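A quick write-up on the structure given underneath.
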Amino acid sequence: MSSQEGGLTLAAILKSRLGNASWSEVHKIIHSRRVMIHGNICTDVARRVKESEVVKILDLSAPKPPGVQDIQIMYLDEHVVVVDKPSGMTTTRHSEEKSWPMRRRQVQPTLDEMIPRSIEEFLKLHRTAPRGTVRRRVGPVRAVHRIDRETSGLVVFARTVPAERILAEQFRLHTTHRRYLAVVLGRVETGTIISNLVRDRGDGRRGSTDSHVGKRAVTHVRPVEHFLDEYTLVECRLETGRTHQIRIHLSESGHPVCGERVYWSTSPKHAKAVDHSRAARVALHAAELGFVHPHSGEAIHLTSPMPSDLMEVIVRLRRASSTSRVSTEKDPEQ
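If you read the sequence shown in my numbering, its first letter stands for residue 357, the second for the next number, and so on.
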């Protein structure tokens, strides 16, 4: 976006860029899920676009976002709820969006806004109270950590104020266990990435800085499976949990996550490389989550299997690797 366009609504920017398009045509393009802002679909015509953000119009409409039926409850009691978040859903609403009217928020509901309905549906299917018992309306949940919109996997929410305080303290002190799986470019070996992350490294993007400014971030990386020297399925264990930490660390180390659109060009080795993995979204999954229950003190440890869309990516890479090995073995000049 140009400096003159920064701060304008998405509809206003498209109207100026599309020339002869009417306001109704612009609104139709946005509502039909054909517009992306910084890699994420946006259907909000009134969304104000920052100068540093990239707006892209797609030729075809993107798939519909996940709904309540796509949220899987992995653990539930009166104090906490752990869900398996589908890709394409924002964990919580940004602070500037919390004042939006309900009608505008319902255009793109967030995970925390949908969980109460998901709990209600879960309780209907797993009825524990006698028939005829009047159930109390499920109240809002409280976020104590977040994962990115495109990232899938485990997220825990508090259901009470005391649980929120205790869980938030565990995340603040980095005593929780978080293990992610990611498909990345290149051949990765075991190592630990440490840096100070800043919100704006000078080009409008989050990233690492050489100075002491920023927040210390530590990511432990271990290869799980190599696909020749072209791609690697890696395990990332978070010692800290900064915004976009894994994506930034892997990209800056020369191994951007497949499907990455925001931080791909920050990779010094692969800024001009082409991602042939055909990953439709950031190939990152929160596979394990461990914490101490805020009420009972019990150690809770949950796992989530790799979702089908990322398994398809892995299967394709395995087949390509296998085919390449067979071809190399048959080549008499090798």
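Glycine included, every Cβ here is placed at the ideal spot set by N, Cα and C. All values reported here derive from a predicted model rather than from experimental measurement.
Query, Result
"Using the three-state DSSP reduction, which class does T489 fall into: helix, strand or coil?", "Residue placement at T489 is poorly supported in this model, since its pLDDT is 49, which falls under 50; the coordinates are not used for a value here."
"Helix, strand or coil for M470, going by three-state DSSP, please let me know.", "helix"
"Among R672, L658, H632 and R593, which has the Cα closest to the Cα of V438?", "L658"
"From what residue to what residue does the alpha helix (DSSP H) around E525 run?", "V517 to R528"
"Does the Cβ of M667 have 16 or more other Cβ atoms within 10 Å, making it buried, or fewer, making it exposed?", "exposed"
"V540 by DSSP, collapsed to three states: which one?", "strand"
"Give every residue of the same chain whose Cβ lies closer than 6 Å to the Cβ of H651, excluding the five residues on either side of it in the sequence, and list them in chain order.", "H435"
"Which runs of the beta strand (DSSP E) spanning at least 3 residues fall entirely within the segment 610-657, listed in chain order?", "640-648"
"Apart from the five residues on each side of it in sequence, which residues of its chain come closer than 6 Å, Cβ to Cβ, to G615?", "A635, R637, V638 and A639"
"Mark R675 as exposed unless 16 or more other C-beta atoms lie within 10 angstroms of its C-beta, in which case mark it buried.", "exposed"
"Excluding the 5 residues flanking D585 on each side, which residues of the same chain have their C-beta closer than 6 Å to its C-beta?", "R543"
"Under 9 Å, do I393 and A367 count as touching if we go by C-beta distance?", "no"
"Thinking C-beta only, is S633 closer than 9 Å to L541?", "yes"
"Leaving out five residues before and five after R502 in sequence, what residues of the same chain have Cβ atoms less than 7 Å from its Cβ?", "T447 and T448"
"Between which two residues does the beta strand (DSSP E) carrying H600 extend?", "Looking at the DSSP string, H600 is not in any beta strand (DSSP E), and its letter there is neither H nor E."
"When the Cβ atoms of the segment 467-485 are set against those of the segment 560-574, are three or more pairs found closer than 8 Å?", "no"
"Looking at the unbroken alpha helix (DSSP H) that takes in H450, where does it start and where does it end?", "Run containing H450: none; DSSP gives neither H nor E here."
"In the DSSP output, what is H533 paired with across the bridge?", "G646"
"Pick helix, strand or coil for T507, following the three-state DSSP scheme.", "coil"
"Rounded to the nearest angstrom, what separates H649 and Q526 at their Cα positions?", "10 Å"
"According to the neighbour-count rule (16 or more other Cβ atoms, all chains shown, within 10 Å of its Cβ), is G495 buried or exposed?", "exposed"
"Span of the alpha helix (DSSP H) holding V382?", "W379 to H387"
"Measure the Cβ-Cβ separation of V574 and V554 and say whether it is below 9 Å.", "no"
"Output needed for G363: all residues of its chain with C-beta closer than 7 Å, excluding positions within five of it in sequence on either side, in chain order.", "R404"
"Does the separation of the CB atoms of I418 and R390 fall below 9 Å?", "The identity of residue 418 in the sequence shown is Ala, whereas the question assumes Ile. It is a contact, given that the beta carbons lie within the stated cut-off."
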